[in-house]
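Report on one structure; see the data block that follows.
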Amino acid sequence: MADIDTSMPKCRGIAIEDLSIAQLQKHLSDGTFSSRDLTECYLERIRRVNPVLKAIIEVNPDALSIADKYDAERKRGKVRGPLHGIPFVVKDNICTNDKMQTTAGSRVLVGTKVADDAHVIKKLRRGGAVLLGHSNLSEWACMRSSYYSEGYSSRGGQCRNPHNLAEHPGGSSCGSAVAVSVSMCAFAIGTETDGSITYPADRSGVVGLKPSLGVTLCKGVIPESSSLDVIGTFGKTVEDAAAALTAIAGNDENSTVGKYTYAGLNQEYH
């Protein structure tokens, strides 16, 4: 990435690019920096590198106000869980009922409004995670009739490999993998039908955790295959990807989708 600014802004003087979620959480708990500080740091990182890498389709205009809310809760002694105040991004085929648009990377869906958050987004919000934005993807999660470049969407453009700009980043959850790789966020959420988490994770050099069918509920995801679609996580370490999966796993909406596969599973994925 010689032709872009690769510097990572520090958070109150702390270099955060190699810190795990648990280490970030300790700094938040100790008051070294706030969730707002951390969110501002990641937003600045996005501003610097995303024009070239195109990993993020849209930034959440409410990210800082969400961080402020969780900072206020922490000051009152309320910590929702291990992801409280931790910023993340989500693949653009997973619905968020906010000021952002969920389009699966397609211009066709620009201007549409979803009715509700996806199940996993509800769980992450309840856990106190800060949604930074939507990540780019291979348009329609690769479900197109004609061949096109891995990691390209008409809305987000060509997502690029952070280690070699001449190479593609893999698909379809490329933006989530790239965002974690270059520290645009602490963790990311993606989907997989056939290699869409594991492949871009390999290309970007991060951990991609693709769970078994039914461990995560796909309610609120633009679908491809009810018998194959899963939601998974990206992190810089196995522990980070597992912490994120633990937060989103489980079927607590009485849905029949995947219920038979989740029953009896341990809810810790470390």
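Residue 1 is where the sequence shown starts when you use the UniProt record's numbering, and the numbers rise one by one after that. Even for Gly, the Cβ is constructed at its ideal location relative to N, Cα and C.
So, helix, strand or coil for V108, using DSSP? helix
Is it right to say D117 is buried, meaning 16 or more other beta carbons lie within 10 angstroms of its own, or is it exposed? buried
Minimum length 3: unbroken beta strand (DSSP E) runs contained in the segment 42-111: 56-59 and 87-91
Given G175 as reference, the closest of G127, D68 and A104 once Cα atoms are compared: A104
Would you call the segment 73-89 in contact with the segment 185-204, where contact means no fewer than 3 C-beta pairs closer than 8 Å? yes
Flag this pair as touching only if the segment 222-231 and the segment 191-202 have three or more C-beta atom pairs under 8 Å; answer yes or no. yes
The alpha helix (DSSP H) enclosing T198, as first and last residue numbers: T198 to S204
Can you have a look at D202 and say buried or exposed, based on whether 16 or more other CB atoms are within 10 angstroms of its CB? exposed
Spatial neighbours of Y42 within its chain, please: CB distance less than 8 Å, with the 5 preceding and 5 following residues excluded, ordered by chain position. P87, L132, S183, M184, C185 and A186
Segment limits, beta strand (DSSP E) that includes A188: F187 to E192
Taking contact to mean at least 3 C-beta pairs separated by less than 8 Å, is the segment 201-216 in contact with the segment 151-166? yes
Specify whether the segment 4-19 and the segment 61-75 touch according to this definition: at least 3 beta carbon pairs, one from each stretch, less than 8 Å apart. no
Just list the alpha helix (DSSP H) runs in the segment 4-37, keeping only unbroken ones of 4 residues or longer that don't cross its boundaries, in chain order. 21-30
Between L245, T237 and D30, which has its C-alpha nearest P211's C-alpha? L245
Strictly by DSSP, which residues pair up with L131? F88
For T32, which residues in the same chain have their Cβ closer than 7 Å to its Cβ, ignoring the five residues on either side in sequence? R12 and I14
Less than 9 Å separating the beta-carbons of R47 and M8? no
Taking buried to mean at least 16 other C-beta atoms within 10 Å of its own C-beta, is K113 buried or exposed? exposed
Neighbour-count burial assignment, D22, 16 or more Cβ in a 10 Å radius: The identity of residue 22 in the sequence shown is Ala, whereas the question assumes Asp. By the 10 Å Cβ count, A22 comes out exposed.
Bridge partners for Y148 per DSSP, in chain order? According to DSSP, Y148 bridges with nothing at all.
Select from S196, V110 and V90 the residue whose C-alpha is nearest the C-alpha of K123. V90
For I94 versus V215, is the C-beta spacing smaller than 9 Å? no
Check the C-beta distance from V52 over to R155 and give it rounded, since I have them as a contact under 8 Å. The Cβ separation is near 17 Å, so there is no contact.
Just to confirm before moving on: does the CB-CB distance between Y199 and G235 stay below 9 Å? no
What is the rounded straight-line gap between the Cα of R76 and the Cα of Y70? 10 Å
If you follow the beta strand (DSSP E) that T233 is part of, which residue opens it and which one closes it? V230 to G235
Give the secondary structure of S138 by DSSP, where H, G and I count as helix, E and B as strand, and everything else as coil. coil
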